[in-house]
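Chains as they are written, first to last, in this note's numbering: chain A, -6 to 468; chain B, 19 to 291; chain C, 1056 to 1273.
For every residue, glycine included, the Cβ atom is placed at its ideal position computed from N, Cα and C.
Working notes, structure below.
What follows is the structure, given as structure tokens:
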């Protein structure tokens, strides 16, 4: 999709003013963090598992070519076909060609973030296919023609009232005309509508949480079972996966699975963890006849070679955004592309450029909560700071900020002037504030006050002045 | 040691380290806004058996540059700090954020081994004030009274980069009359974030108003914390809302020096006390 | 498509700052026991028999279980379950369970895969995982995958001797089966289908079964 990250500031302000969105976000705010904390607290081995997961990912990335080749060869041995896509464009073309070759009309999709990243849906619709998202959240946002606002719960920004309206508008054609109010009846109605789609689909497209090199297996986790219906009922199954998803063995995947469910939703295991290897075998009475895997680079090999390699450890659990206070305040859409929150603030500028998405790495307080919960210990704040450095080097930031920083550095490297300047500043501000002890406004400092806060005034003297006087008194 | 003074563990009174020379890195914000925090830090360090010195050539920790991508600028400021502080036994800052930055200095000199060595040596003896008092000096109690209901905000950098969580609570637990009401979401960022709060004031404003709501819910009279950046932000919000919660740096209470107006409070007329 | 393969692999090697690995290096990687070349890190399980730990895990995710003493009791237990849920005594049954006396329990079985017309599906698990209360089902002519997902009620026969502490023991056993390699799908199922996509309210039976019942046969 076309990125809208350049408009982050405006979009974040809209988000803060959108009352319905704020209701939805407030509901989500604590739920995830509490569930994760409980699940993690119940597993004493969690920290050692994180270390192990880091080692698994690092080793695999260091030997990525080897494991991808082993994986691809194993897929071919099991009767599947592997396609390699260097770019998003390659990936779209490959998927469309497979669907065209199979004579498909209707395509069901399981949730795939890489699919969103490369824009599979748009390409398929342009080529004349009917595409139906089957993850309930993805289905909802597809009806609303919106991108996901969260990588695990794509429609977390929607309230049940909005969803009821969407169903009411879009389900009339199936003879479902009653306006619903409760969650269970909405889930049931979506189940009913989508059940027919599963059975009618010619192609099913899913993502992959992991790819297992030794056996040529792709792994997906879902709670709904939509991924399974998508990959087992149509006669063609296509897996779209980033190249960083590969791990050597099923045991490696199992270690990561212990972290994924707990980090994402606080579940020990996600309901359905499905290991798929090739098309249906001789004698099988169900399963797809064709099995394709599209391995997607789209910038990942660049990350492998620069300071952002650690980002390739990401297992897309969403814990970083679930614990990010900025995400919690504005939701995912403000970020303007596919991946929101801390991980998105690293990935988006790398994918669409810092010129477009320079705000994202800056819109972070570096509070470190994301890194604290990241199951694969990605140092997200450091990576965001590295992006800020890159932005500074490319001279993309605001000029006044640049001048201000240069002036500050000069000031801090001239201690005598610094002492004098701060002394004047402290006294002036204290004087101007008078008895009130704080400012309600101040020229040139409007941004502070736009945050809806006063500015406390200094006590009047600098510490250095007080200290020097005290030392003189002693001497 | 003064009789009846703060109790300090065995480590403080014996050996070569008996009276370490501690350099106070006072931080820009304490220097300009709140000298009382610096004085409180000095008092606590002295009571913990340290000789406190304040290098006059100190300025800023360099975070404004570091966090806005100007790594060369940050390195320039850092050299200044290293030269001023490297000869002391310890470097102590009444801030987890600035203290954490000093500890990060080696990263700024990846291509300058000489400076990196000096940065590392300094980083290894740099501490945030409260954790230095408890973890290094073995302080277990303070001699202070503060008969108020207080709540505590865990500033993110101290909490996550330096592991400061229990230390201030342990010492606050020994302040006579002090009642600690824990803050819901005490580990969630207040929205300050250095230049973040002026680059994205609307988002920052939302975060600090959430924080203010949580503080008000504790029905505490006083908010304490270990970082003036966060405290200025929160005090600014509480003041705007017209609430009555006063805001102090935790060192001021531990040193028994919270008898001045809190951050953003009206000033007392001259000549009082 | 091989052009794409070589292009991506070359980009990886450029970024890793090396050429293709030699035969020896590749053989060394193949000889490793997983990425870290070490035993898997297995969480310690709570005290109790495997069956107890398994049951606790299953019930935590809203699954249910009854314990039987012989395979012969399965049709009767299925009939009891169906009657208890007010369902007709009909079920789609995996071919591997075809030989049981369904008629004797009053059940009309339809043997083989389902296209969604069945309220209950009965399949058999290859392993059960005590750690998480998960079932491991292998696809094949004997055990069609559709039974696991399309019916509203999924009943699964699991032999107590097939309980393993962790998923890792299942992989080891699968590897021992050798030649044939992996079946088309290995379904690791932990509880009935669920969603929290609307207002984070957990609702069972999103697209798959609304309930999951395990028949543990000793």
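I'd like to know whether the C-beta of residue 44 (chain B) is nearer than 7 Å to at least one C-beta of chain A. Start at 1 with the first residue of the second chain, and residue 44 (chain B) comes out as number 26. So yes, residue 44 (chain B) belongs to the interface.
Roughly how many angstroms lie between the CA atoms of residue 151 (chain A) and residue 13 (chain A), to the nearest whole one? Reading the first chain from its first residue, position 158 is the one you call residue 151 (chain A). Reading the first chain from its first residue, position 20 is the one you call residue 13 (chain A). Distance between the alpha carbons of residue 151 (chain A) and residue 13 (chain A): 8 Å.
Using the beta-carbon count (16 or more within 10 Å), is residue 318 (chain A) buried or exposed? Locating residue 318 (chain A) in the first chain gives position 325, where the first residue counts as 1. That one is buried.
Which residues mark the beginning and the end of the beta strand (DSSP E) in which residue 1266 (chain C) is found? Walking along the third chain from the start, residue 1266 (chain C) turns up at place 211. Note, residue 1266 (chain C): beta strand (DSSP E), 1266 to 1272.
Assigned secondary structure, residue 111 (chain B) (DSSP; H/G/I helix, E/B strand, else coil): Numbered from its first residue, the second chain carries residue 111 (chain B) at position 93. Strand.
What is the DSSP secondary structure of residue 22 (chain A), counted as helix, strand or coil? Along the first chain, one-based indexing puts residue 22 (chain A) at 29. Helix.
Residues of the region 294 to 326 of chain A with Cβ closer than 8 Å to any Cβ of chain B, in chain order: 318, 319, 322, 323
Decide if residue 240 (chain B) is buried, meaning its Cβ has at least 16 other Cβ atoms within 10 Å, or exposed. Within the second chain, residue 240 (chain B) is the residue found at index 222, counting from 1. Buried, because 16 or more other Cβ atoms sit within 10 Å of the Cβ of residue 240 (chain B).
Let me check one thing: in DSSP terms, what residues is residue 243 (chain B) bridge-paired to? Position 225 of the second chain, counted from the start, is the residue given in the question as residue 243 (chain B). Residue 243 (chain B) pairs with B:171, B:267.
C-alpha distance - residue 1064 (chain C) paired with residue 343 (chain A), whole-angstrom precision: Position 9 of the third chain, counting from 1, holds the residue named residue 1064 (chain C). Position 350 of the first chain, counting from 1, holds the residue named residue 343 (chain A). If you take the alpha carbons of residue 1064 (chain C) and residue 343 (chain A), they lie about 20 Å apart.
Could you tell me whether the Cβ of residue 1226 (chain C) comes closer than 7 Å to any Cβ of chain A? The residue given as residue 1226 (chain C) occupies position 171 in the third chain. It does: the Cβ of residue 1226 (chain C) has a partner Cβ on chain A nearer than 7 Å.
Within-7 Å CB hit, residue 400 (chain A) to chain B: Counting from 1 along the first chain, the entry for residue 400 (chain A) is found at position 407. Chain B, which has no Cβ nearer than 7 Å to the Cβ of residue 400 (chain A), makes this no.
Quick check: the region 1121 to 1129 of chain C against the region 64 to 78 of chain A, are there 3 or more CB pairs under 8 Å? no
Below 8 Å between beta carbons is the criterion; list the residues of the region 64 to 90 of chain B that meet it against any residue of chain A, in chain order. 72, 74, 75, 76, 77, 78, 80, 82, 83, 84, 85, 86, 87, 88, 89
Express the C-alpha separation of residue 328 (chain A) and residue 1 (chain A) in angstroms, rounding to a whole number. Against the first chain, residue 1 (chain A) aligns to sequence position 8. Against the first chain, residue 328 (chain A) aligns to sequence position 335. If you take the alpha carbons of residue 1 (chain A) and residue 328 (chain A), they lie about 6 Å apart.
For the region 288 to 338 of chain A, which segments carrying the alpha helix (DSSP H) assignment without a break, of at least 4 residues, lie completely within its bounds, in sequence order? 293 to 298, 312 to 315, 318 to 323
Rank B:55, B:79, B:108, B:77 by C-alpha distance to the C-alpha of residue 41 (chain B) and give the top, closest one. On the second chain, residue 41 (chain B) is found 23 positions in, with the first residue counted as 1. Of the candidates B:55, B:79, B:108, B:77, the one whose C-alpha sits nearest the C-alpha of residue 41 (chain B) is B:108.
So, for residue 178 (chain B): in the same chain, excluding its five sequence neighbours on each side, which residues have a beta-carbon less than 6 Å away from its beta-carbon? One-based indexing of the second chain puts residue 178 (chain B) at position 160. Taken in chain order, the list of residues that qualify is empty.
I'd like the span of the beta strand (DSSP E) that includes residue 74 (chain A), first residue to last. Start at 1 with the first residue of the first chain, and residue 74 (chain A) comes out as number 81. Its beta strand (DSSP E) spans residues 74 to 78.
Would you please verify whether the beta carbon of residue 283 (chain B) is less than 7 Å from any beta carbon of chain A? Residue mapping note: residue 283 (chain B) aligns to position 265 of the second chain, counting from 1. Cβ-Cβ to chain A under 7 Å: yes for residue 283 (chain B).
Taking 7 Å as the threshold (C-beta atoms), are residue 284 (chain A) and residue 73 (chain A) in contact? Locating residue 73 (chain A) in the first chain gives position 80, where the first residue counts as 1. Locating residue 284 (chain A) in the first chain gives position 291, where the first residue counts as 1. Yes, the pair counts as a contact, with Cβ atoms nearer than the cut-off.
So, is residue 311 (chain A) buried or exposed, given that buried needs 16 or more other C-beta atoms within 10 angstroms? In the first chain, counting from the first residue as 1, residue 311 (chain A) sits at position 318. By the neighbour-count rule (16 or more Cβ atoms within 10 Å), residue 311 (chain A) is buried.
Measure the C-alpha to C-alpha separation of residue 34 (chain B) and residue 143 (chain B) and round it to an integer number of angstroms. As a working note, residue 34 (chain B) is residue 16 in the second chain. As a working note, residue 143 (chain B) is residue 125 in the second chain. Because the pLDDT of residue 34 (chain B) is 49, which lies under 50, any placement of that residue in the model is unreliable, and the number read from its coordinates should be weighed accordingly. One C-alpha to the other measures close to 16 Å.
Closer than 7 Å at the beta carbon, the chain A residues around residue 242 (chain B): In the second chain, the residue the question calls residue 242 (chain B) occupies position 224. The contacting residues do not exist; residue 242 (chain B) stays about 15 Å from chain A at best.
Step through the CB atoms of chain B and report whether any lies within less than 7 Å of the CB of residue 167 (chain A). Locating residue 167 (chain A) in the first chain gives position 174, counting from the first residue. Taking Cβ atoms only, chain B never reaches closer than 7 Å to residue 167 (chain A), which makes this a no.
Which residues mark the beginning and the end of the alpha helix (DSSP H) in which residue 236 (chain B) is found? In the second chain, the residue the question calls residue 236 (chain B) occupies position 218. Per DSSP, residue 236 (chain B) belongs to no alpha helix (DSSP H) and is neither H nor E.
Per-residue DSSP class, three states only, for residue 414 (chain A): Mapped onto the first chain, residue 414 (chain A) falls at position 421. If DSSP states are grouped into helix, strand and coil, residue 414 (chain A) belongs with the helices.
Is the CB-CB distance between residue 347 (chain A) and residue 363 (chain A) below 7 Å? In the first chain, residue 347 (chain A) corresponds to position 354, counting from 1. In the first chain, residue 363 (chain A) corresponds to position 370, counting from 1. Cβ atoms of residue 347 (chain A) and residue 363 (chain A): not closer than 7 Å.
Thinking just about the alpha-carbon of each residue, which of A:242, A:443, A:381, A:432 is nearest to the one in residue 1278 (chain C)? The structure shown does not extend to residue 1278 (chain C), since chain C is modelled only from 1056 to 1273, so the question has no answer here.
Given that residue 33 (chain A) touches chain C, what residues does it touch there, using C-beta distances under 7 Å? Walking along the first chain from the start, residue 33 (chain A) turns up at place 40. Correct list: empty, because the minimum Cβ distance to chain C is about 12 Å.
I'd like to know if residue 179 (chain A) contacts chain C, where contact means its C-beta is closer than 7 Å to some C-beta of that chain. Translated into positions along the first chain, residue 179 (chain A) becomes position 186. Chain C contact via Cβ: present.
Report the rounded CA-to-CA distance for residue 25 (chain A) versus residue 145 (chain A), giving the unit in angstroms. As a working mapping, residue 25 (chain A) is identified with position 32 in the first chain. As a working mapping, residue 145 (chain A) is identified with position 152 in the first chain. Approximately 11 Å between the Cα atoms of the pair.
Decide if residue 257 (chain A) is buried, meaning its Cβ has at least 16 other Cβ atoms within 10 Å, or exposed. As a working note, residue 257 (chain A) is residue 264 in the first chain. Buried.
Cβ-based burial, residue 421 (chain A) [other Cβ within 10 Å; buried from 16]: Residue numbering aside, residue 421 (chain A) sits at position 428 when the first chain is read from its first letter. By the neighbour-count rule (16 or more Cβ atoms within 10 Å), residue 421 (chain A) is not buried but exposed.
Quick one: grab the DSSP three-state call for residue 243 (chain A). Reading the first chain from its first residue, position 250 is the one you call residue 243 (chain A). Reduced to three states, the DSSP call for residue 243 (chain A) is helix.
Check the Cβ of residue 164 (chain A) against every Cβ in chain C and list those closer than 7 Å, keeping chain order. As a first step, residue 164 (chain A) is located in the first chain; it is residue number 171 there, counting from the start. Result: empty, since nearest Cβ-Cβ is about 15 Å, beyond 7 Å.
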